[in-house]
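To start, the structure under review is shown below, and the notes come after it.
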């Protein structure tokens, strides 16, 4: 049987999702727990590989299970063997041809910024920080330019291995909630560091360091060297993965602060 799990994790504890020798990562942590629970080695596939320090409220994984267990047992049982930094939130039996990665039609990320003159120790590693006043309205105006199908090479990491830089951006919403600015991005898929690179350039516009014309020129140039530096990993969350309705899977799990209406 093939099983899909919904995961949440604190990215501060890991060097990203993907397995790597002698480095703490989410994949090895989860697969170890699954092996302890089932007594069999299990290989997992995820919806989106998150980087070092990046969090998830709605990561989706799938695997072939050699044992049959009640859905509630997959949640409680696997969590017994997971550290406090990772938890299974839900479990579903899915068809044999399901893939957490290739069956997904959209991913949603949220980036949370603390916009305050003084850094906040209680949110360290959980949000990005901008100490200069930041205009979220100007950020939204720049973000609107990214909607639709485009070449996102200007916001693509040099080490990105994607075959094409073209992606379809369905939504970018910028909202303020008190001292925080929340940015939600929803696309068919994302390039390596794409969200953090977009956020860096939006912050340049929001703080007045650059204007809307600069942002548009950077975007149209398809040249990563022209854009702002990659923003900090700690404010980034994978919060949603959409699949065809036939799979009947949850699609979105809000951040701890929730996204403002």
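In the numbering used here, the protein residues as written are 306 to 566.
All residues carry an ideal CB built from backbone N, CA and C; glycine is no exception.
Inspect the CB distances between the region 480-494 and the region 403-415 and report whether three or more fall short of 8 angstroms.
Contact between the region 480-494 and the region 403-415 is established, with three or more Cβ pairs separated by less than 8 angstroms.
Just the Cα atoms here: how many angstroms apart are residue 452 and residue 345?
Distance between the alpha carbons of residue 452 and residue 345 is about 45 angstroms.
Top-ranked residue by Cα proximity to residue 533, from 382, 462 and 359
That would be 462, whose Cα lies nearest to the Cα of residue 533.
Local Cβ density within 10 Å of residue 306, reported as buried at 16 or more and exposed below that:
Within 10 angstroms of the beta-carbon of residue 306 lie fewer than 16 other beta-carbons, which makes it exposed.
Relative to the C-alpha of residue 481, which residue among 316, 356, 418 and 365 is closest?
The option with the nearest alpha carbon to residue 481 is 418.
Can we say the region 536-556 touches the region 462-477, given the rule of at least three CB pairs closer than 8 angstroms?
Touching, no.
For the beta strand (DSSP E) that residue 503 lies in, which residues bound it at each end?
Segment 499-511 is the alpha helix (DSSP H) holding residue 503; no beta strand (DSSP E) there.
Give me the Cα-Cα distance between residue 387 and residue 327, rounded to the nearest whole angstrom.
Taking the straight line joining both Cα atoms gives about 18 angstroms.
Unbroken stretches of the beta strand (DSSP E), 3 residues or longer, contained in the region 376-446
For the region 376-446, whole beta strand (DSSP E) runs of length 3 or above, ordered along the chain, are 391-399, 411-420 and 433-435.
Determine, using beta carbons only, whether residue 414 comes closer than 7 angstroms to chain B.
This model lacks chain B altogether; it includes just one protein chain.
Taking contact to mean at least 3 C-beta pairs separated by less than 8 angstroms, is the region 331-342 in contact with the region 366-384?
Three or more beta-carbon pairs separated by less than 8 angstroms link the region 331-342 to the region 366-384, which places the two stretches in contact.
Tell me the rounded alpha-carbon separation between residue 554 and residue 416.
One C-alpha to the other measures close to 23 angstroms.
Close beta carbons around residue 373, own chain, < 8 angstroms, minus the five adjacent residues each side:
Here residue 373 has 306 as same chain residues with Cβ atoms under 8 angstroms from its own Cβ, once five neighbours each way along the sequence are excluded.
Sequence-distant residues of the same chain with beta carbon closer than 7 angstroms to residue 440, five excluded per side:
Same-chain partners within the cutoff: 511.
Name the residue from 353, 472, 433 and 407 whose alpha carbon lies nearest to the alpha carbon of residue 505.
Ranking the options by Cα distance to residue 505, first place goes to 433.
Which residues in the same chain have their Cβ closer than 6 angstroms to the Cβ of residue 376, if we skip the five residues on either side of it in sequence?
So the qualifying residues of the chain are 396.
Are there 16 or more other CB atoms within 10 angstroms of the CB of residue 359, so buried, or fewer, so exposed?
Classification for residue 359: buried.
Quick check on this structure: which residue in 558, 527 and 343 has the alpha carbon closest to the alpha carbon of residue 499?
Taking only the C-alpha atoms, the option nearest residue 499 is 527.
Quick one: grab the DSSP three-state call for residue 552.
Reduced to three states, the DSSP call for residue 552 is helix.
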